[in-house]
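Below is one structure; the comments refer to it alone.
2 protein chains.
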Amino acid sequence: MDTRHMRYFMALAETLHFGRAAERMNMSQPPFSRQIAMIEHTLGVKLFERNSRNVALTPAGKHFMKDCRNVLGQFEEACRDVRLVANGMKGELRFGFMMHAAHSVVPQLVQRYAEARPDVRLVLDERTPTEIDEMLVAGTLDAAVTFDCGYAPHLQTVLLVRERLRIIMRKDHHPLAAVGQIGPEELREEKVIAAPAATAPALRSAINSYFSARGIVPHVVLEPRLQHTIIQLVAKGLGVALIPSSLCTELGTGLMSRALTDAPQLDVVLRAPITTKNPAVSTFMEIGKSIQQVSL
Amino acid sequence: MDTRHMRYFMALAETLHFGRAAERMNMSQPPFSRQIAMIEHTLGVKLFERNSRNVALTPAGKHFMKDCRNVLGQFEEACRDVRLVANGMKGELRFGFMMHAAHSVVPQLVQRYAEARPDVRLVLDERTPTEIDEMLVAGTLDAAVTFDCGYAPHLQTVLLVRERLRIIMRKDHHPLAAVGQIGPEELREEKVIAAPAATAPALRSAINSYFSARGIVPHVVLEPRLQHTIIQLVAKGLGVALIPSSLCTELGTGLMSRALTDAPQLDVVLRAPITTKNPAVSTFMEIGKSIQQVSL
DNA sequence: ACGATCAATGCTTTCAGGGTATCAAATGGA
DNA sequence: TCCATTTGATACCCTGAAAGCATTGATCGT
Numbered sequence: 001m002d003t004r005h006m007r008y009f010m011a012l013a014e015t016l017h018f019g020r021a022a023e024r025m026n027m028s029q030p031p032f033s034r035q036i037a038m039i040e041h042t043l044g045v046k047l048f049e050r051n052s053r054n055v056a057l058t059p060a061g062k063h064f065m066k067d068c069r070n071v072l073g074q075f076e077e078a079c080r081d082v083r084l085v086a087n088g089m090k091g092e093l094r095f096g097f098m099m100h101a102a103h104s105v106v107p108q109l110v111q112r113y114a115e116a117r118p119d120v121r122l123v124l125d126e127r128t129p130t131e132i133d134e135m136l137v138a139g140t141l142d143a144a145v146t147f148d149c150g151y152a153p154h155l156q157t158v159l160l161v162r163e164r165l166r167i168i169m170r171k172d173h174h175p176l177a178a179v180g181q182i183g184p185e186e187l188r189e190e191k192v193i194a195a196p197a198a199t200a201p202a203l204r205s206a207i208n209s210y211f212s213a214r215g216i217v218p219h220v221v222l223e224p225r226l227q228h229t230i231i232q233l234v235a236k237g238l239g240v241a242l243i244p245s246s247l248c249t250e251l252g253t254g255l256m257s258r259a260l261t262d263a264p265q266l267d268v269v270l271r272a273p274i275t276t277k278n279p280a281v282s283t284f285m286e287i288g289k290s291i292q293q294v295s296l
Numbered sequence: 001m002d003t004r005h006m007r008y009f010m011a012l013a014e015t016l017h018f019g020r021a022a023e024r025m026n027m028s029q030p031p032f033s034r035q036i037a038m039i040e041h042t043l044g045v046k047l048f049e050r051n052s053r054n055v056a057l058t059p060a061g062k063h064f065m066k067d068c069r070n071v072l073g074q075f076e077e078a079c080r081d082v083r084l085v086a087n088g089m090k091g092e093l094r095f096g097f098m099m100h101a102a103h104s105v106v107p108q109l110v111q112r113y114a115e116a117r118p119d120v121r122l123v124l125d126e127r128t129p130t131e132i133d134e135m136l137v138a139g140t141l142d143a144a145v146t147f148d149c150g151y152a153p154h155l156q157t158v159l160l161v162r163e164r165l166r167i168i169m170r171k172d173h174h175p176l177a178a179v180g181q182i183g184p185e186e187l188r189e190e191k192v193i194a195a196p197a198a199t200a201p202a203l204r205s206a207i208n209s210y211f212s213a214r215g216i217v218p219h220v221v222l223e224p225r226l227q228h229t230i231i232q233l234v235a236k237g238l239g240v241a242l243i244p245s246s247l248c249t250e251l252g253t254g255l256m257s258r259a260l261t262d263a264p265q266l267d268v269v270l271r272a273p274i275t276t277k278n279p280a281v282s283t284f285m286e287i288g289k290s291i292q293q294v295s296l
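Protein sequence lines correspond, in order, to chains A and B. Residues in the first sequence are numbered from 1 upward in steps of one, following the UniProt record's numbering. Residues in the second sequence are numbered from 1 upward in steps of one, following the UniProt record's numbering.
See the structure below:
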């Protein structure tokens, strides 16, 4: 038995006429009759009650008809869908992103892609930049939004946003809240809270070199991994922090953000392995390009 | 494309090794390789990433694998089920019955059949005896419980219950409630309620001949079609009625039933067309035989 | 560098399945 | 009643899809 046999069966079940059914199958009646006989023989079931004048379905045939309709439908759909998957119109895209980007480009990117490719299931995976890098090379992620960490020959990169770092502090911070221009010198004595290099290398190195360029070693007192935690610790008065400007829009009431002199810049990029086999990735990258914005 | 090709694909997708997959398909490697190439060509989709050393699924291939598993499963199931239907183990059985039998044999028959053939969907259809006869010959019903109406050469018949008719009346009926033996003579002046001959020929003719054998013409004042209605009308004091004994067990509080002298008997039978093509019918009839009981 | 492994290719062979001709049974009109 | 027509089944032939065998070519480990 095969789907071809099912199609023969369906043709006869719908026409109840060997000649016309054979015609529908683009063949002559005699081999068609033989195929029907063969189907009944291999199944061991009489599907049609027939004489030289009339053809009718047996109860078993009626039941088989429903099942065949189902199977043939699913069969066609499977063959159609595999082409869609190959074209990136359907399937799955595992998308990683760091918390820093969750409030800026990610929602827009996800929404526009979902509109463009509604049949691709977007699997979102919130990770630290280091984890993202590992998962991209391991192939566990198809694409990710992270900080540009420089050299990455096996990855294709699309710049999404170039963000300046701003400083956040309590509104009642003394004496910083009153200072006009804030730069490394003004922060020399401040307690700084920043993510560890092992978690966010690009961010941490931007912060570090901001200070070291002026020969200053920042006084980093706490190194939480989550950006959310950093903001909460600043709110408790445990220090100040340098965070991307896009995160400054939703600070709590007790906090304020200020621009920095010669503020360090960080590139938020969309990345994917060059060797990716997932055809859904290319349009994802295209949409990334279309929402590029150099400055926020 | 055909299910055979899907099976080839699945073999390779599961083993990721042309030689072993070919072996599983009971063929040699070269034609197997060609078949895989053919599948990819006709679908226009690369399903495997391969070189002379490694075989791996593409994303499209991974997706296709799930779909194929589904389709092949449903395909096998359809071929299995059509055999079950042909054996009467699965399918549908349209079963008609008259209200007179709903309280006696039908529940038992239905329950025991459902236990024996859980995969056969019993379509119950409550009808009048006349409708049942028409639907049996029309083939709209596969089997039915009705009164034996005698000659029916195209039907097979199993006697289920031989029921005597009893008379029902209001408990305060005067003078009948006080009479010892009730027969045609005692009912000569009574108003009788009975189903019309057009609806229940066997029942009505049994009632009629019970009287006419003694030269009495019953005084039939009302002819409702539903047995339920008859009982309600008797309860309202509009007359008395002769009904099968099995219906007398659930009379309302204001009613009573009495035996009749030389009470007419009616055979409740299970019937099905001899020419039935529905294989589910035979065991249904067998179960009917097994619950035969001559007297209730 | 060499052998082992494994998929791809070339060529041959076979049989499933299609085509043509024909038969046989049933129906309907003359 | 009989013949023509319709329709499914049978007989026989033939083609091509697909299988087998032998071999090649590429890759990896020793």
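Beta carbons: idealized from backbone N, C-alpha and C, even for Gly.
Separation of residue j from residue i, as counted between CA atoms
i               : j               : result
D67 of chain B  : M10 of chain A  : 22 Å
G254 of chain A : G215 of chain A : 32 Å
R94 of chain B  : A144 of chain B : 8 Å
V221 of chain A : G239 of chain A : 8 Å
A197 of chain A : S205 of chain A : 7 Å
I230 of chain A : P224 of chain A : 6 Å
P244 of chain B : T140 of chain B : 27 Å
G183 of chain A : N51 of chain B  : 57 Å
R258 of chain B : P59 of chain A  : 47 Å
E189 of chain B : I167 of chain B : 15 Å
D262 of chain A : T15 of chain B  : 59 Å
G288 of chain B : L84 of chain B  : 22 Å
E250 of chain A : A101 of chain A : 13 Å
R20 of chain A  : S246 of chain B : 55 Å
A194 of chain B : Q181 of chain B : 21 Å
H228 of chain B : G237 of chain B : 15 Å
S295 of chain B : G61 of chain A  : Residue placement at S295 of chain B is flagged as unreliable, the pLDDT there being 47, under the threshold of 50; the coordinate-derived value follows with that caveat. Roughly 41 Å between the two C-alpha positions.
R7 of chain A   : L72 of chain A  : 8 Å
F75 of chain A  : I39 of chain B  : 14 Å
V161 of chain A : V269 of chain A : 7 Å
Q108 of chain B : Q265 of chain B : 22 Å
Candidates the options, of which the one nearest residue i by Cα
i               : options                        : result
E115 of chain B : B:F284, B:P129, B:P201         : B:F284
F64 of chain B  : B:R80, B:P31, B:K46            : B:K46
T275 of chain A : A:T15, A:A152, A:F18, A:A200   : A:A152
I36 of chain B  : B:N26, B:L12, B:S52, B:R20     : B:L12
G96 of chain A  : A:N70, A:L136, A:R164, A:C79   : A:L136
E126 of chain B : B:D119, B:T58, B:V106          : B:V106
N26 of chain A  : A:R4, A:P224, A:T229, A:K62    : A:R4
K90 of chain B  : B:E134, B:Y8, B:E77            : B:E77
A178 of chain B : B:T249, B:M256, B:V234, B:I132 : B:M256
D133 of chain A : A:Q265, A:Q227, A:F147, A:N54  : A:F147
I291 of chain A : A:L260, A:V158, A:A22          : A:V158
C248 of chain B : B:M169, B:H173, B:L266         : B:M169
R164 of chain B : B:D267, B:M98, B:F75           : B:D267
Proximal residues to residue i (C-beta, below 6 Å), its chain only, five neighbours per side dropped
i               : result
P218 of chain A : V192, F211
S33 of chain B  : F18
A235 of chain A : G252, G254, L255
N208 of chain B : none
M98 of chain A  : P129, T146
Cut-off 7 Å between Cβ atoms - residues of its own chain near residue i, not counting five sequence neighbours on either side
i              : result
T42 of chain B : M1
Sequence-distant residues of its chain with Cβ nearer than 8 Å to residue i (five each side left out)
i               : result
G88 of chain B  : R117, V120, N278, P279, A280, V281, S282, T283
A272 of chain B : L136, D142, A143, A144, L155, Q156, V281, F284, M285
T130 of chain B : A198, T199, A200, P201
V123 of chain A : E92, L93, R94, F95
A57 of chain A  : At residue 57 of chain A the sequence reads Leu, which differs from the Ala that was named. For L57 of chain A, where only same-chain residues beyond five positions count, the Cβ hits under 8 Å are A13, L16, L47, F48, E49, M65.
D81 of chain B  : K90
Please name the residues in the stretch 271 to 289 of chain A whose beta-carbon is closer than 8 Å to at least one beta-carbon of chain B, in chain order.
Here the close residues are K277, N278, P279, A280.
At which residue ranges does the stretch 122 to 164 of chain A contain complete alpha helix (DSSP H) runs of 4 or more residues, listed in the order of the chain?
Complete alpha helix (DSSP H) runs here, min 4: 129 to 138.
Listed from N- to C-terminal order along the chain, which residues in the stretch 135 to 157 of chain A have their beta-carbon within a distance smaller than 7 Å of any beta-carbon of chain B?
Answer in chain order: no residues at all.
Which parts of the stretch 173 to 223 of chain B are runs of the alpha helix (DSSP H), unbroken and 4 residues or longer, counting only runs that do not cross its ends?
Qualifying alpha helix (DSSP H) stretches, in chain order: 201 to 212.
What are the residues in the stretch 69 to 99 of chain B lying within 8 Å of chain A by C-beta distance?
Flagged, chain order: N70, V71, Q74, F75, E77, A78, C79, D81, V82, R83, V85, A86, K90, G91, E92.
Output needed in chain order: residues of the stretch 42 to 60 of chain A with a Cβ under 8 Å from some Cβ in chain B.
Per Cβ criterion, the list reads L43, G44, V45, K46, L47, E49, T58, P59, A60.
For the UniProt domain "HTH lysR-type" (1 to 58) of chain B, which segments carrying the alpha helix (DSSP H) assignment without a break, of at least 4 residues, lie completely within its bounds, in sequence order?
You should have 3 to 15, 18 to 24, 29 to 43.
By the 9 Å beta-carbon criterion, what residues does the stretch 117 to 135 of chain A contribute toward chain B?
Answer set for the stretch 117 to 135 of chain A: empty.
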